[in-house]
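*Asks:* Residue numbers (the working numbering): 2 to 490.
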Amino acid sequence: MREYLLVLFVTAAVTYLLVSPVRKFAIVAGAMPAVRARDVHQEPTPRLGGIAMFGGLCAGLLAASQLTTLGRLFVQSADVRALLSGVGIMWVLGVLDDKWGVDALVKLGGQMIAAGVMVWQGVTVISIPVPGVGPVAVTPTQGMIISVALVVVMVNAVNFIDGLDGLAAGMVCIAAMAFFLYSYRLWLGYGINDAAPAALFSAVLIGMCLGFLPHNLHPARIFMGDSGSMMLGLMLAVAAISITGRVDPDLITDRTGSQTATVHALVPIYIPLLLPLTVIALPLADLLLAVVRRTWAGKSPFAADKQHLHHRLLEVGHSHSRAVLIMYFWAALIAFGTVAFSVTNTGRTVVLTLAGLCLVGIVVLLMPRFRPHAPRAVQAFVPPRYRKRATAAGATVAAGGAPVAAAAPAEPVAPVSTAGVPRVADTVAGAAEPTGRAAAEAVQGPATAAGAAEESAPAMAELSAEDKALLGRLGSGAHSVGTHADRQG
Numbered sequence: 002m003r004e005y006l007l008v009l010f011v012t013a014a015v016t017y018l019l020v021s022p023v024r025k026f027a028i029v030a031g032a033m034p035a036v037r038a039r040d041v042h043q044e045p046t047p048r049l050g051g052i053a054m055f056g057g058l059c060a061g062l063l064a065a066s067q068l069t070t071l072g073r074l075f076v077q078s079a080d081v082r083a084l085l086s087g088v089g090i091m092w093v094l095g096v097l098d099d100k101w102g103v104d105a106l107v108k109l110g111g112q113m114i115a116a117g118v119m120v121w122q123g124v125t126v127i128s129i130p131v132p133g134v135g136p137v138a139v140t141p142t143q144g145m146i147i148s149v150a151l152v153v154v155m156v157n158a159v160n161f162i163d164g165l166d167g168l169a170a171g172m173v174c175i176a177a178m179a180f181f182l183y184s185y186r187l188w189l190g191y192g193i194n195d196a197a198p199a200a201l202f203s204a205v206l207i208g209m210c211l212g213f214l215p216h217n218l219h220p221a222r223i224f225m226g227d228s229g230s231m232m233l234g235l236m237l238a239v240a241a242i243s244i245t246g247r248v249d250p251d252l253i254t255d256r257t258g259s260q261t262a263t264v265h266a267l268v269p270i271y272i273p274l275l276l277p278l279t280v281i282a283l284p285l286a287d288l289l290l291a292v293v294r295r296t297w298a299g300k301s302p303f304a305a306d307k308q309h310l311h312h313r314l315l316e317v318g319h320s321h322s323r324a325v326l327i328m329y330f331w332a333a334l335i336a337f338g339t340v341a342f343s344v345t346n347t348g349r350t351v352v353l354t355l356a357g358l359c360l361v362g363i364v365v366l367l368m369p370r371f372r373p374h375a376p377r378a379v380q381a382f383v384p385p386r387y388r389k390r391a392t393a394a395g396a397t398v399a400a401g402g403a404p405v406a407a408a409a410p411a412e413p414v415a416p417v418s419t420a421g422v423p424r425v426a427d428t429v430a431g432a433a434e435p436t437g438r439a440a441a442e443a444v445q446g447p448a449t450a451a452g453a454a455e456e457s458a459p460a461m462a463e464l465s466a467e468d469k470a471l472l473g474r475l476g477s478g479a480h481s482v483g484t485h486a487d488r489q490g
């Protein structure tokens, strides 16, 4: 465990330290696309965060290669070399897309090439565990098709959920933690060496996400971009492939709770096959819903929209941070709930616990729908400055129109002889919302300031004496600045 923690720490530290220089490079390189209609953020934010994550990946694997136990994997298994080959291709493709943009079909082709390179080097599904039968071997062609399809689906699923600050990195981190717990238990606890690469990849993946998250939480300073999201999806797929088709469930029948009658009745498939699907349950569901929705509307499945799960959470009424936390909660509940079946024989306890947590999650999810609103009769007693929605009269008073006229009537300002140059007084008056007679003429045409004051009397009655005095001082100050500017002009 100490070696895994060391690799995790090195990966996280290098990723964290590289983000700041990468952010400066992204700004200089112009990798700051304009805000699109489907985007949630309000200001242009640099991308290319995947560069820092790739640096953390290389540092973590380099540290692992120098350790006693983990260093053996680089000699005994070709999975590490295959991972670096596939990640390198996917990372270059993502960097090009972040900077210049890549066509959807070209991007899909690049993803398939990266997956094919890994399959060619040995990262492929060689068997599928079937309940009651055991591992069923697949042909090399079938294994290649299944492996490439899993990589492409996983990559695009992670890419689709990268729509809120910290969402993709956090959910992938949760999935990697679930993978690590399961694979580490199989490797160290039961001596199944085929689970060791998945444990290493999961530890590195956790470090990458933890190192990047502090810079990506709301409000994000940098985005991972496709260079980061596609790389994370590929690493999840590699971890799933390396553990799914190489671990015989019959080897752990007597050692874990995954083969008990209770679990068989509740989960009709083996944990090694179920775990890769559950850790990406939310991204996969979002991906499938998006494809069906866009195809049904006659659009391309790769056409972007604003109907993803995280967008719908914002529409319900959740804040940005709360929407991300809700997605974290459900991802952790599904992933760790599945892992719990593999480490305990008390299936009923696990089911009851998960049911209770699901109920809590549903209540939190629907809370904005049932938020009580005060009756209008009660809202009338709330001061205007504490109301969420100010009335038109309250907005006029807050703008400084009528109260300023009552406190300090404005005098006509003589025109300046300089043509084409705006007067400073006009600029000040425009910035502070026209005061006195100017405000009355701007809002009511030829109406006088006295008429404006009479019409706003009901709104003035709701203000306290302190607020009235403050508005009067603001109006007097704006009038004095305008008069002084005219004299100087």
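Just so you know, even glycine gets a beta-carbon here, dropped at the ideal spot from N, CA and C. No experiment lies behind these values; they were computed from the predicted model shown.
Just confirm the distance between the C-beta atoms of Ala176 and Ile281, as a whole number of angstroms; I'd bet it's less than 8 Å.
*Replies:* 6 Å between Cβ atoms; contact.
*Asks:* Identify, in the order they occur along the chain, each residue of the same chain with its Cβ nearer than 8 Å to the Cβ of Arg390, setting aside the five sequence neighbours on each side.
*Replies:* Confidence in Arg390 is poor, its pLDDT being 47 and thus under 50, which makes the residue's placement too unreliable to answer from.
*Asks:* For Gly226 and Met155, I'd like the C-alpha separation in whole angstroms.
*Replies:* C-alpha separation (whole angstroms): 16 Å.
*Asks:* Going by C-alpha to C-alpha distance, which of Gly171, Leu49, Arg186, Asp166 sits closest to Leu218?
*Replies:* Ranking the options by Cα distance to Leu218, first place goes to Asp166.
*Asks:* Helix, strand or coil for Ala138? Go by DSSP, reduced to three states.
*Replies:* Strand at Ala138.
*Asks:* Whole angstroms is fine: what's the gap from Leu7's alpha carbon to Asp195's?
*Replies:* About 21 Å.
*Asks:* Can you tell me where the alpha helix (DSSP H) holding Pro34 begins and where it ends?
*Replies:* From DSSP, Pro34 is part of no alpha helix (DSSP H); its letter is neither H nor E.
*Asks:* Using alpha carbons as the reference points, say which of Pro220, Leu211, Ile146 lies closest to Leu533.
*Replies:* The structure shown does not extend to residue 533, since the chain spans only 2 to 490, so no value can be given for it.
*Asks:* Could you give the DSSP three-state label for Ile281: helix, strand or coil?
*Replies:* In the structure shown, Ile281 sits in coil (DSSP, three-state: anything other than H, G, I, E or B).
*Asks:* What whole-angstrom Cβ distance do Val11 and Ala60 have, given they're in contact under 8 Å?
*Replies:* Indeed, because the Cβ distance is near 6 Å, the residues count as touching under 8 Å.
*Asks:* Since Val173 and Leu237 should fall inside the 8 Å C-beta cutoff, what is the C-beta to C-beta distance between them, to a whole number of angstroms?
*Replies:* The Cβ separation is near 7 Å, so the contact holds.
*Asks:* What separation, rounded to the nearest whole angstrom, lies between the Cα atoms of Trp92 and Ala170?
*Replies:* Between Trp92 and Ala170, the C-alpha separation is close to 16 Å.
*Asks:* Quick one: what does DSSP say Ser78 is sitting in, helix, strand or coil?
*Replies:* DSSP places Ser78 in coil when its eight states are reduced to three.
*Asks:* Measure the beta-carbon distance from Ile242 to Val126 and round it to whole angstroms, keeping in mind my assumption that it falls under 8 Å.
*Replies:* Indeed, because the Cβ distance is near 6 Å, the residues count as touching under 8 Å.
*Asks:* Starting from the C-beta of Val205, find all residues in its chain whose C-beta is less than 7 Å away, skip the five residues before and the five after it, and write them out in chain order.
*Replies:* Closer than 7 Å at Cβ, skipping near neighbours: Val8, Thr12, Leu58, Gly61, Leu62.
*Asks:* Give the secondary structure of Ile193 by DSSP, where H, G and I count as helix, E and B as strand, and everything else as coil.
*Replies:* Ile193 falls in the coil class under three-state DSSP.
*Asks:* Applying the 10 Å Cβ sphere with the 16-neighbour rule, what's the burial state of Lys108?
*Replies:* Burial call: buried.
*Asks:* Identify which residue in Arg3, Pro220, Val88, Asp80 has its Cα closest to the Cα of Thr69.
*Replies:* Nearest C-alpha to Thr69: Arg3.
*Asks:* Between which residues of its own chain and Ala32 is the CB-CB distance below 7 Å, once the five residues before and five after are set aside?
*Replies:* Around Ala32: Pro47, Arg48, Leu49, Asp99, Lys100.
*Asks:* Measure the C-alpha to C-alpha separation of Trp297 and His312 and round it to an integer number of angstroms.
*Replies:* Going by the C-alpha atoms only, they are around 19 Å apart.
*Asks:* Please list, in chain order, all residues of the same chain as Val96 whose beta carbon is under 6 Å from its beta carbon, the five residues on each side excluded.
*Replies:* So the qualifying residues of the chain are Ser228.
*Asks:* Look up Ser128 in the DSSP assignment and give the residues it is bridged to.
*Replies:* Ala138.
*Asks:* Would you identify the three-state DSSP class for Pro435, choosing helix, strand or coil?
*Replies:* In this predicted model, Pro435 has a pLDDT of only 43, less than 50, meaning its place in the structure is not dependable; the value taken from the coordinates is given anyway. Coil, per DSSP.
*Asks:* Taking Leu233 as the reference, give the member of Asp80, Val15, Gly89 with the closest Cα.
*Replies:* Ranking the options by Cα distance to Leu233, first place goes to Gly89.
*Asks:* By how many angstroms is the C-alpha of Arg186 removed from the C-alpha of Leu94?
*Replies:* Rounded to whole angstroms, Leu94 to Arg186 spans 35 Å at the Cα level.
*Asks:* Do Ala286 and Gln308 have their CB atoms nearer than 9 Å?
*Replies:* No, these two residues do not count as a Cβ contact at 9 Å.
*Asks:* Let me confirm a value: Ala439 is counted as buried when at least 16 other C-beta atoms fall within 10 Å, else exposed. Which label applies?
*Replies:* Confidence at Ala439 is low in this model, with a pLDDT of 45, below 50, so its placement is unreliable and the value that follows should be read with caution. Buried is the call here.
*Asks:* Where Leu189 and Trp331 are concerned, what is the direct C-alpha to C-alpha distance, given to the nearest angstrom?
*Replies:* Each residue's alpha carbon lies about 29 Å from the other.
*Asks:* Would you check if the distance between the CB atom of Phe55 and the CB atom of Ala65 is smaller than 9 Å?
*Replies:* No, Cβ-Cβ distance for Phe55 and Ala65 is not below 9 Å.
*Asks:* Excluding the 5 residues flanking Pro495 on each side, which residues of the same chain have their C-beta closer than 8 Å to its C-beta?
*Replies:* Because residue 495 is not part of the residues shown, which for the chain are 2 to 490, the question remains open.
*Asks:* Pick from Trp121, Val118, Gly144, Gly117: whose alpha carbon is nearest that of Ile129?
*Replies:* The candidate whose alpha carbon is nearest that of Ile129 is Gly144.
*Asks:* With H, G and I counted as helix, E and B as strand and the rest as coil, what does DSSP make of Gln143?
*Replies:* Looking at Gln143 - three-state DSSP - the assignment turns out to be helix.
*Asks:* Anyone know if the C-beta pair for Ile244 and Leu276 falls short of 9 Å?
*Replies:* Taking 9 Å as the Cβ cut-off, Ile244 and Leu276 qualify as a contacting pair.
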